[in-house]
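In structure tokens form, the structure reads like this:
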């Protein structure tokens with residue numbers, strides 16, 4: 051398990067890891083290549099011969115059969131890989147690729163190569179690790195990113211990754227994912243042009259467009275720094291029937307009646323939503339509150355467990 055502290059600094063652009071992504075691709079390719087080579091040698095037959103001419107004749111015989119068998123003349127030995135074993139090699143290689151790029155990636159957030167270089171695949175809005183569906187879609191569309199299929203380098207994906215906002219390839223566009231530094235997992239960050247919040251006017255780290263979800267429980271007022279102001283409640287009005295000092299003495303006829311007490315002064319002042327206590331903002335799907343110290347409106351981040359500034 052990784053140990054990522056909540057106070058670890060989040061990179062200004064969490065997607066600025068394209069160089070490390072290239073190294074991760076090389077590592078994953080080498081893993082697949084080594085497994086394939088080992089499989090070929092384990093499935094093939096190696097026959098030692100005393101006469102190099104005999105080795106040549108054996109390979110010529112396999113070529114004459116023209117059945118797809120591969121024969122390599124090593125002078126003192128003959129290396130033969132039968133055609134019917136190519137299917138086994140293909141399925142083995144495919145299984146290793148799916149295990150690394152889909153299964154392991156959906157559990158840990160990245161393939162073995164990505165784990166080695168410290169990057170992860172996340173949902174572009176929530177910054178949570180991409181699930182098996184998104185990982186599978188990214189892997190399948192690697193065939194599109196590999197166009198024109200003349201070299202082992204996914205040329206289309208390389209160009210898009212360098213030129214697009216968020217450094218996304220075709221698979222990322224389709225799966226709505228980003229590849230970010232591992233410290234950014236679970237910490238939504240605004241990436242301009244990729245996951246901008248509707249109506250936002252400034253770029254605030256931590257401000258994002260939350261998915262539609264059930265209304266969360268109200269956050270505690272005492273926990274965040276932007277606590278609601280404390281106001282003193284006025285004392286309750288005293289019942290004249292029980293307070294001797296409140297007995298009105300008789301007065302002479304014709305004397306002016308005393309003015310009635312202003313009852314409004316004995317009533318509690320109405321609570322101001324968002325100032326005296328957090329209030330629910332339907333548009334943002336989150337609690338908001340006024341911070342008197344910062345003189346700014348704050349939004350409660352469920353993922354970060356803290357108050358963050360919002361734009362008005």
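In the working numbering, the protein residues as written are 51 to 362.
Note that beta-carbon positions come from the ideal geometry of N, C-alpha and C, so glycine has one too.
Q.
Quick check on DSSP: helix, strand or coil for residue 353?
A. One-based indexing of the chain shown puts residue 353 at position 303. Coil.
Q | Collapsed DSSP secondary structure at residue 202 in the structure displayed | A | On the chain shown, position 152 is the one that residue 202 refers to. Residue 202: coil per DSSP, three-state reduction.
Q) When the Cα of residue 144 is compared with those of 229, 243, 186, 344, which residue comes out closest? A) Taking the chain shown and counting its residues from 1, the one referred to as residue 144 is at position 94. For residue 144, the nearest C-alpha among the options comes from 186.
(Q) Can you give me the C-alpha to C-alpha distance between residue 150 and residue 358, rounded to a whole angstrom? (A) Within the chain shown, residue 150 is the residue found at index 100, counting from 1. Within the chain shown, residue 358 is the residue found at index 308, counting from 1. Whole-angstrom Cα-Cα distance: 37 Å.
Q | residue 96 - containing alpha helix (DSSP H), residue span | A | Position 46 of the chain shown, counted from the start, is the residue given in the question as residue 96. Counting along the chain, residue 96 falls outside any alpha helix (DSSP H), though it belongs to the beta strand (DSSP E) covering 95-98.
Q.
To test your reading of the DSSP string, which unbroken beta strand (DSSP E) runs of 3 or more residues are found completely within the region 85-140?
A. Counting only runs of 3 or more, we get 95-98, 120-123, 127-131.
(Q) If I measure Cβ to Cβ from residue 285 and keep anything under 6 Å in the same chain, skipping five residues before and after, which residues do I get? (A) Here the question's residue 285 lines up with position 235 in the chain shown. Annotation note: pLDDT 44 at residue 285 (below 50); position unreliable, no value reported.
Q. How many Å lie between residue 328 and residue 206 at the Cα?
A. Start at 1 with the first residue of the chain shown, and residue 328 comes out as number 278. Start at 1 with the first residue of the chain shown, and residue 206 comes out as number 156. The C-alpha of residue 206 is placed about 49 Å away from the C-alpha of residue 328.
Q. Looking only at DSSP bridge pairs, what is residue 75 linked to?
A. For this step, residue 75 is matched to residue 25 along the chain shown. Answer is none; residue 75 lacks a bridge partner.
Q: Using three-state DSSP, classify residue 169 as helix, strand or coil.
A: By one-based count along the chain shown, residue 169 stands at place 119. Residue state, collapsed to three classes: strand.
**Q.** Of the residues 142, 72, 87, 101, the one placed nearest residue 124, counting alpha carbons only
**A.** The residue given as residue 124 occupies position 74 in the chain shown. Of the candidates 142, 72, 87, 101, the one whose C-alpha sits nearest the C-alpha of residue 124 is 101.
Q: Please name the residue in 343, 218, 176 whose C-alpha comes closest to that of residue 353.
A: Here the question's residue 353 lines up with position 303 in the chain shown. With distances taken between Cα atoms, residue 353 lies closest to 176.
Q: State yes or no: is the C-beta of residue 364 within less than 8 Å of the C-beta of residue 156?
A: Because residue 364 is not part of the residues shown, which for the chain are 51 to 362, the question remains open.
Q) How is the alpha helix (DSSP H) around residue 222 delimited, first residue to last? A) Here the question's residue 222 lines up with position 172 in the chain shown. Start and end: 220-225.
Q | Under 8 Å between C-beta atoms of residue 336 and residue 350 | A | Counting from one through the chain shown, the residue named residue 336 turns up at place 286. Counting from one through the chain shown, the residue named residue 350 turns up at place 300. Yes, they are a contact pair.
**Q.** Residue of 236, 132, 92 minimising C-alpha distance to residue 178
**A.** The residue given as residue 178 occupies position 128 in the chain shown. Residue 178 has its Cα closest to that of 236, out of 236, 132, 92.
(Q) Once DSSP output is grouped into helix, strand and coil, what is the label at residue 152? (A) To locate residue 152, count along the chain shown from 1; it is residue 102. It is helical.
Q: Output yes or no for whether 8 Å exceeds the beta carbon distance between residue 172 and residue 244.
A: If you number the chain shown from 1, residue 172 lands on position 122. If you number the chain shown from 1, residue 244 lands on position 194. Cβ atoms of residue 172 and residue 244: not closer than 8 Å.
Q: Assign residue 126 to one of two classes, buried (16 or more other C-beta atoms within 10 Å of its C-beta) or exposed (fewer than that).
A: Working through the chain shown from its first residue, we reach residue 126 at position 76. It is exposed - the Cβ of residue 126 has fewer than 16 other Cβ atoms within 10 Å.
Q. Is residue 229 helix, strand or coil when you go by DSSP?
A. Stepping through the chain shown from its first residue, residue 229 is reached at position 179. If DSSP states are grouped into helix, strand and coil, residue 229 belongs with the strands.
Q) According to DSSP, is residue 180 helix, strand or coil? A) Here the question's residue 180 lines up with position 130 in the chain shown. Three-state result, residue 180: coil.
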